[in-house]
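Chemist:
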Amino acid sequence: MQAVHTRLTPVTSRVHRLVERANQPDYYWLTRPLLAFLITRLIVFIGAYLAEIAIPGITGEGLYHVNPNNVFLDVWARWDSAFYIRIVEDGYWFVLGQQSSVAFFPLYPLIVSFLAPYMGTLAAGVFISHVFLLGALIFLYKLTELEFDAASAGRTVFYVAAFPTAFFFSAVYTESTFLFFAVSTMYFARRQMWAWAGVFGLLCASSRIVGVVIWGVVGLEWLRAHGWTLGTIHKREAWMNLFRALCTDWLNLAAICMIPLGLLSYMLFLYLQFGDPVAFSTTQSAWGREMLGPWTIIWRDVSNLLQGDFLAGDIWWHVGLDLSAYFAILFISVSIWRRLGASYALYAIISIVIPSMSGTGSLSRYALVVFPVFMMLGVWGRRQWLDRTLIIVFSVLLGIFTTMFVNWIFVA
Amino acid sequence: MLARPTFRSTWLPLGLGALALLVLNLGLYTRLATQQVASAVMQQFSMPYYEDFSVVSSVPYEEYGGDWEIRDEMLVQLSTSGFDLMTFVPVAVAPDQPYAFETTLRYLGGSMGGGLMFNAQQTTSRQQSHMVRFNVDAGQLWLIYGYFGDDSDFVGQGSASLEIAPDDANPHQLRVQVGADGYALFVDGRPVASGVPLVYRGGAVGFVTAASQVAFDDIRIDSELAAVESVVPAPVEPAVETSDIPPEVAAPFVTEDVVLADAFDGSGGDSLWRPISGDWRTEAGQFMQVLPQGYDLSALHTQPVTYPLSLQVRFSHLQGAGGGLLFNLSTPDNKNGGHMVRYVDTGDVMAWGYFDAAGVFNGQGSASVAPAGAAPHTLTVRTDGDTYAVMVDGVMVVDGVPVVDAVTPGYIGLTASQSVVAFDEVVVAGDTAAASPQVSTANIDAALASGDWVVDNGVITQQATESTDYVAGTGLAGEQFTVSVDIKLPDDNPDAGAGIIFHMDGRDDRSMGHMVRFGSGGQELFWGHYDAAGIFTGEGGIPLNIIPGEPQNLLLVVYEDRFDIQVNRQTVVEAIPIERGSGWIGLLSFSGPVTFSNVSLQLGG
Chain Z
1 MQAVHTRLTP
11 VTSRVHRLVE
21 RANQPDYYWL
31 TRPLLAFLIT
41 RLIVFIGAYL
51 AEIAIPGITG
61 EGLYHVNPNN
71 VFLDVWARWD
81 SAFYIRIVED
91 GYWFVLGQQS
101 SVAFFPLYPL
111 IVSFLAPYMG
121 TLAAGVFISH
131 VFLLGALIFL
141 YKLTELEFDA
151 ASAGRTVFYV
161 AAFPTAFFFS
171 AVYTESTFLF
181 FAVSTMYFAR
191 RQMWAWAGVF
201 GLLCASSRIV
211 GVVIWGVVGL
221 EWLRAHGWTL
231 GTIHKREAWM
241 NLFRALCTDW
251 LNLAAICMIP
261 LGLLSYMLFL
271 YLQFGDPVAF
281 STTQSAWGRE
291 MLGPWTIIWR
301 DVSNLLQGDF
311 LAGDIWWHVG
321 LDLSAYFAIL
331 FISVSIWRRL
341 GASYALYAII
351 SIVIPSMSGT
361 GSLSRYALVV
371 FPVFMMLGVW
381 GRRQWLDRTL
391 IIVFSVLLGI
401 FTTMFVNWIF
411 VA
Chain E
1001 MLARPTFRST
1011 WLPLGLGALA
1021 LLVLNLGLYT
1031 RLATQQVASA
1041 VMQQFSMPYY
1051 EDFSVVSSVP
1061 YEEYGGDWEI
1071 RDEMLVQLST
1081 SGFDLMTFVP
1091 VAVAPDQPYA
1101 FETTLRYLGG
1111 SMGGGLMFNA
1121 QQTTSRQQSH
1131 MVRFNVDAGQ
1141 LWLIYGYFGD
1151 DSDFVGQGSA
1161 SLEIAPDDAN
1171 PHQLRVQVGA
1181 DGYALFVDGR
1191 PVASGVPLVY
1201 RGGAVGFVTA
1211 ASQVAFDDIR
1221 IDSELAAVES
1231 VVPAPVEPAV
1241 ETSDIPPEVA
1251 APFVTEDVVL
1261 ADAFDGSGGD
1271 SLWRPISGDW
1281 RTEAGQFMQV
1291 LPQGYDLSAL
1301 HTQPVTYPLS
1311 LQVRFSHLQG
1321 AGGGLLFNLS
1331 TPDNKNGGHM
1341 VRYVDTGDVM
1351 AWGYFDAAGV
1361 FNGQGSASVA
1371 PAGAAPHTLT
1381 VRTDGDTYAV
1391 MVDGVMVVDG
1401 VPVVDAVTPG
1411 YIGLTASQSV
1421 VAFDEVVVAG
1431 DTAAASPQVS
1441 TANIDAALAS
1451 GDWVVDNGVI
1461 TQQATESTDY
1471 VAGTGLAGEQ
1481 FTVSVDIKLP
1491 DDNPDAGAGI
1501 IFHMDGRDDR
1511 SMGHMVRFGS
1521 GGQELFWGHY
1531 DAAGIFTGEG
1541 GIPLNIIPGE
1551 PQNLLLVVYE
1561 DRFDIQVNRQ
1571 TVVEAIPIER
1581 GSGWIGLLSF
1591 SGPVTFSNVS
1601 LQLGG
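See the structure below:
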């Protein structure tokens, strides 16, 4: 007995020391995001598994199961996941008038395709989503800490990981990848590491159409770093500073100009393969999306929503969800502008307004990657009542929406 | 002001950026480029091939989803939770090689959905392959067949009902016999379909299940089998038939008069079109379905028509393809049970079939046609109620397709799938004698009606006794017609009344309707109309002295701008003006119980 105790003591003390070290502020940048990652993924994995095995699923043509023999994996391939999986397995296709895979940008399926031969497309997709989620949370923590403080950063990463539609971070969707490259680009821009921002921005622009917005964001940050802001636009000194910067820092500016190459590469590919460089936009009509401008769309959907019978439940509930996300982001963007600056605010506004010009569908999913909103929530969350409210509401809704998603109920 | 470029801050990221750009572009043109999948079958077995699994202990085929095992000397798929779970036999059949592929299937669990894959262009996906499998629908076992196209979507080529119980666990033999241009299907040696065109030639064969556990045994793939049995008898169900366009020009319509026409210029009464799904608008002389996404988005015409008839529709596709027509509908508010003919999404195939009672479409065939494009097309269906013919732009596509459960009088409709379609003109021609059909039944839907309505052997009773108006739609609608009903008021309720309401806004919605009814236990007759909010405004009345407890006939003759009232075949009021030109017809009761019988509608002014 004594021998066992002697042998166990160093192990337990070593673990204890490791926990103590991990709990040091120096390691918060890793432990806080990791904790948010583990807790929220536990919720969505258990929720998804139970939802799949305990609730009779909807069956029918088109309601596919990529791997029915592995529920833990299968639940993460629903709705648009099939497009990514087929891009990896069969390549891109584009049929005019039909929902075509060209709508989905290439970075995520390309990365998955490198691992797919070794672990299968579905497993590779889920794995990549989680790796980038953890990376995104770490960068988001560091960015928030840079702008505010460690406590706000800790709350921020938890809010984004527990957001009601955050189960998409685990699915075969591009949300994790995009968030990672968007946040990291911003982080490097704020650290004035322009070439690194250019590289990550390039990859961001090849993961989603709104990724190219990050080009303008980084550009604004570069201007701000050289004393030119929207607030000083009328001052001669600001323009003199800009002129000097163009002469002395043109190499970094050139690096920033790499960002749109991600989008341009994809457009060139679409032109050479299908003869339509904007096929990703052309095919949107097959999803019932049409460019009507944001106000027409919003007004139409608000009107439709208000005509429903809320008491009887006869409403387009996910339109309500999408509109809530839309207006919340616009509202919070005012504070973002004041606290974080124009670049953050423009990113938030454009990220939500661009998709809303052709329809409000899925806006609550697009809201996931509008990270400045979560940074502001992280700051405001220092009020305990708000922090607890957000944690409870987000976690409960996350569980419900995960259950719905797994069972082929469209959420976003 | 700014740091001098260093390796770590500038040159390393720039190099990585160039590398990322290179990998991205290489990946796009290699890994993510559209893959050519033709002839991707690795030959491992050759014909003739026979397997009864008496020796092998593991699945010797290439699996594509599902849980395949060898059990009890059979190939078994165990998962019931997925569709299109496949395993392929890597036998590469030459494109011009006739052959037969057969197996016995035994249903083990789930919902019977076992079948065969053939002429599969690859063994790693369902893309570009033919499929035939069993399918249970509304308690009936069907054999469905078609192909998975270039985009992996299933395109049905037909289906046939089978006289086998859906849960029959006995082994059944399924055979597909592939010829040069078409294939035939047999179940237990009986022909089910023949002459079905091949879309893909040569390739691998395999097995498929959908939401079912199925055991496969006694597999044979043999060119000799095809040669011996190359004379394929005619299929049992001629409905299951697919054809190419014969160069035959349709005969002109003869002995038919126009009984319904609408050019959507307002003269045809566009309010008689009832959208049941989709977004339908009348703009610039066209009736348009503007939602580009969604299947079988339909608008039905509320005026009944009778057989024989010719239904001709002219339309053009503004986006996508999928326009078409509906006929043989039993009610003007539901497509279930009706027939449909329309372009499929690709725009170069016309498909036809019918919806069963549950609203599931059952294909009866399809044929290649000229691409739809944006040009206007004329789609015509000619039918005598037993069979129908389909013509596109005056060219016969198919003839002799059976009408399933013909209803007359029935209703017609327009439909669009995955497309924005503008309809220019609809013309229904038929026999003059049948142009004004007599409808002798009212289709009361108690769930939609207000009050307590019971239908028993043709007698309709409204049983609620509270002193208010109760309305039940008959499912009938029209512009100019004669409607008649025998009404029996209770002899113990002096307040009770009953009558007819017409030109209603909705099937069971009294808004905008004109009403005529007996009142005060038969002591009066009065009439008036409801406004858009359903509020009644009286327009006149006369005293009566009819006897409660006995049937009294109330008959309305409705013209374009007025109507007459008859009570017991005596005209009591004439030329009451009406404001609205068409709408739904219903029965109306004030208090109760009131019975209605002998409801009849004669269309025509």
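Chain order of the listed sequences is Z and E.
Counting from 1, position 238 in the first sequence corresponds to residue 238 in the numbering used here; the numbering is continuous, with no gaps.
Start counting at 1 in the second sequence, then tack on 1000, and there's your number in the numbering used here.
Here a beta-carbon is modelled for each residue, glycine too, at the ideal position from N, C-alpha and C.
State the DSSP-derived secondary structure class of Q1566/E, mapped to helix, strand or coil.
Modeler: Looking up residue 1566/E in the second sequence gives position 566. The answer is strand: DSSP assigns Q1566/E an E or B state.
Chemist: Provide the residue span of the alpha helix (DSSP H) that contains P33/Z, from first to last.
Modeler: Position 33 of the first sequence, counted from the start, is the residue given in the question as residue 33/Z. Segment Y28 to A54, the alpha helix (DSSP H) holding P33/Z.
Chemist: Kindly indicate which three-state DSSP category G1015/E falls into: helix, strand or coil?
Modeler: The residue you call residue 1015/E lines up with position 15 of the second sequence. DSSP places G1015/E in helix when its eight states are reduced to three.
Chemist: Mind pulling the chain Z residues with CB within less than 7 angstroms of R1031/E?
Modeler: Translated into the one-based positions of the second sequence, residue 1031/E becomes position 31. The answer, in chain order, is L110 and S113.
Chemist: Considering only C-alpha positions, which residue in the set L1024/E, R1562/E and M1515/E is nearest to L264/Z?
Modeler: Numbered from 1 along the first sequence, position 264 holds the residue referred to as residue 264/Z. Ranking the options by Cα distance to L264/Z, first place goes to L1024/E.
Chemist: Under 8 angstroms between C-beta atoms, does P106/Z make it to chain E?
Modeler: Your numbering for residue 106/Z matches position 106 in the first sequence. P106/Z counts as touching chain E.
Chemist: Distance cutoff 8 angstroms, beta carbons only. Does L1075/E sit that close to anything in chain Z?
Modeler: Translated into positions along the second sequence, residue 1075/E becomes position 75. Closer than 8 angstroms: no.
Chemist: List the DSSP bridge partners of W1352/E.
Modeler: Locating residue 1352/E in the second sequence gives position 352, counting from the first residue. According to DSSP, which records beta bridges pairwise, W1352/E is partnered with V1341/E and G1365/E.
Chemist: Thinking just about the alpha-carbon of each residue, which of Y141/Z, I43/Z and N70/Z is nearest to the one in F374/Z?
Modeler: Taking the first sequence and counting its residues from 1, the one referred to as residue 374/Z is at position 374. Considering only alpha carbons, the answer is Y141/Z.
Chemist: Return the CA-CA distance between T1638/E and V172/Z, expressed in angstroms with no decimal places.
Modeler: Any property of residue 1638/E remains undetermined from this structure, which presents chain E solely from 1001 to 1605.
Chemist: Work out the CA separation of E1069/E and V1155/E for me, nearest whole Å.
Modeler: Translated into positions along the second sequence, residue 1155/E becomes position 155. Translated into positions along the second sequence, residue 1069/E becomes position 69. If you take the alpha carbons of V1155/E and E1069/E, they lie about 29 angstroms apart.
Chemist: Quick one: which chain E residues come within Cβ less than 9 angstroms of P68/Z?
Modeler: Position 68 of the first sequence, counted from the start, is the residue given in the question as residue 68/Z. Those within 9 angstroms of P68/Z in chain E are G1065, G1066, D1067, S1079, T1080, S1081, G1082 and L1085.
Chemist: If I measure Cβ to Cβ from D419/Z and keep anything under 7 angstroms in the same chain, skipping five residues before and after, which residues do I get?
Modeler: In the structure as shown, chain Z starts at 1 and stops at 412, and residue 419/Z therefore has no counterpart that could be examined.
Chemist: Measuring alpha carbon to alpha carbon, tell me which of A348/Z, L203/Z, A48/Z and C257/Z ends up nearest V75/Z.
Modeler: As a first step, residue 75/Z is located in the first sequence; it is residue number 75 there, counting from the start. Ranking A348/Z, L203/Z, A48/Z and C257/Z by Cα distance to V75/Z puts A48/Z first.
Chemist: Taking the C-alpha atoms as reference points, what is the distance between Y1640/E and D1167/E?
Modeler: Since the first and last residues shown for chain E are 1001 and 1605, residue 1640/E lies out of range.
Chemist: Say whether the stretch 1002 to 1020 of chain E touches the stretch 193 to 211 of chain Z, bearing in mind that this needs 3 or more beta-carbon pairs closer than 8 angstroms, one atom from each stretch.
Modeler: Touching, yes.
Chemist: Counting C-beta neighbours from all protein chains within 10 Å, is the total for R446/Z 16 or more, i.e. buried, or is it exposed?
Modeler: Limits of chain Z in this structure are 1 at one end and 412 at the other, which puts residue 446/Z out of reach.
Chemist: Between the beta-carbon of V157/Z and the beta-carbon of R32/Z, is there less than 8 angstroms?
Modeler: Locating residue 157/Z in the first sequence gives position 157, where the first residue counts as 1. Locating residue 32/Z in the first sequence gives position 32, where the first residue counts as 1. Contact: yes.
Chemist: Which residue spans inside the stretch 80 to 160 of chain Z form an unbroken alpha helix (DSSP H) run of at least 4?
Modeler: Within the stretch 80 to 160 of chain Z, the complete alpha helix (DSSP H) runs of at least 4 residues are 81 to 90, 107 to 119 and 121 to 147.
Chemist: Give me the chain Z residues within the contact set of P1090/E, using Cβ-Cβ distance strictly less than 8 angstroms, ordered along the chain.
Modeler: As a position in the second sequence, residue 1090/E is number 90, starting the count at 1. Per Cβ cutoff of 8 angstroms: no residues; P1090/E is ~18 angstroms from chain Z at best.
Chemist: Tell me, please, whether the CB atom of E237/Z is closer than 8 angstroms to any CB atom in chain E?
Modeler: As a working note, residue 237/Z is residue 237 in the first sequence. Not an interface residue.
Chemist: Where does H318/Z sit, in a helix, a strand or coil, going by DSSP?
Modeler: Counting from one through the first sequence, the residue named residue 318/Z turns up at place 318. Three-state DSSP puts H318/Z in a helix.
Chemist: Strictly below 9 angstroms CB to CB, what residues from chain Z border S1125/E?
Modeler: As a working note, residue 1125/E is residue 125 in the second sequence. Simply R86, E89 and D90.
Chemist: Okay, do the stretch 1514 to 1531 of chain E and the stretch 1542 to 1549 of chain E touch, 3+ Cβ pairs below 8 angstroms being the bar?
Modeler: Segments in contact, yes.
Chemist: For L203/Z, decide whether its Cβ has a neighbour in chain E, counting only Cβ atoms nearer than 8 angstroms.
Modeler: The sequence position of residue 203/Z within the first sequence is 203, counting from 1. Yes, contact with chain E.
Chemist: Use the C-beta contact count for M119/Z: other C-beta atoms within 10 angstroms, 16 or more gives buried, fewer gives exposed.
Modeler: Translated into positions along the first sequence, residue 119/Z becomes position 119. M119/Z should be labelled exposed.
Chemist: Enumerate in chain order the residues of its own chain whose CB-to-CB distance from W380/Z is below 8 angstroms, with the five nearest sequence positions on each side excluded.
Modeler: Counting from 1 along the first sequence, the entry for residue 380/Z is found at position 380. Contacts found: L386.
Chemist: Going by the beta-carbon positions, is the gap between V1390/E and V1305/E smaller than 8 angstroms?
Modeler: If you number the second sequence from 1, residue 1390/E lands on position 390. If you number the second sequence from 1, residue 1305/E lands on position 305. The answer is no: Cβ separation not under 8 angstroms.
Chemist: Kindly provide the ranges of any beta strand (DSSP E) runs that are 3 or more residues long and lie completely inside the stretch 1173 to 1204 of chain E, ordered along the chain.
Modeler: Runs found: 1182 to 1187 and 1190 to 1197.
Chemist: Give every residue of the same chain whose Cβ lies closer than 6 angstroms to the Cβ of H1503/E, excluding the five residues on either side of it in the sequence, and list them in chain order.
Modeler: One-based indexing of the second sequence puts residue 1503/E at position 503. Once the five neighbours on either side are set aside, the close Cβ partners of H1503/E are G1513, H1514, R1580 and G1583.
Chemist: Mind pulling the alpha helix (DSSP H) runs of 4 or more residues that sit fully within the stretch 1082 to 1160 of chain E?
Modeler: Complete alpha helix (DSSP H) runs here, min 4: none at all.
Chemist: Can you tell me whether M240/Z is buried or exposed? The criterion is at least 16 other CB atoms within 10 Å of its CB, across all chains shown.
Modeler: Translated into the one-based positions of the first sequence, residue 240/Z becomes position 240. M240/Z is exposed by the Cβ-count criterion.
Chemist: Output the distance between the C-alpha atoms of I400/Z and L73/Z, rounded to the nearest integer angstrom.
Modeler: Stepping through the first sequence from its first residue, residue 400/Z is reached at position 400. Stepping through the first sequence from its first residue, residue 73/Z is reached at position 73. Going by the C-alpha atoms only, they are around 19 angstroms apart.
Chemist: If we cut at 8 angstroms on Cβ distances, does Q273/Z have a partner in chain E?
Modeler: In the first sequence, residue 273/Z corresponds to position 273, counting from 1. Q273/Z counts as touching chain E.
Chemist: Using Cβ-Cβ distances below 7 angstroms, what residues of the stretch 1007 to 1025 of chain E are close to chain Z?
Modeler: Result list: S1009, T1010, P1013, L1014, L1016, G1017, A1020, L1021, L1024 and N1025.
Chemist: Classify Y326/Z as helix, strand or coil using the three-state DSSP reduction.
Modeler: Along the first sequence, one-based indexing puts residue 326/Z at 326. Reduced to three states, the DSSP call for Y326/Z is helix.
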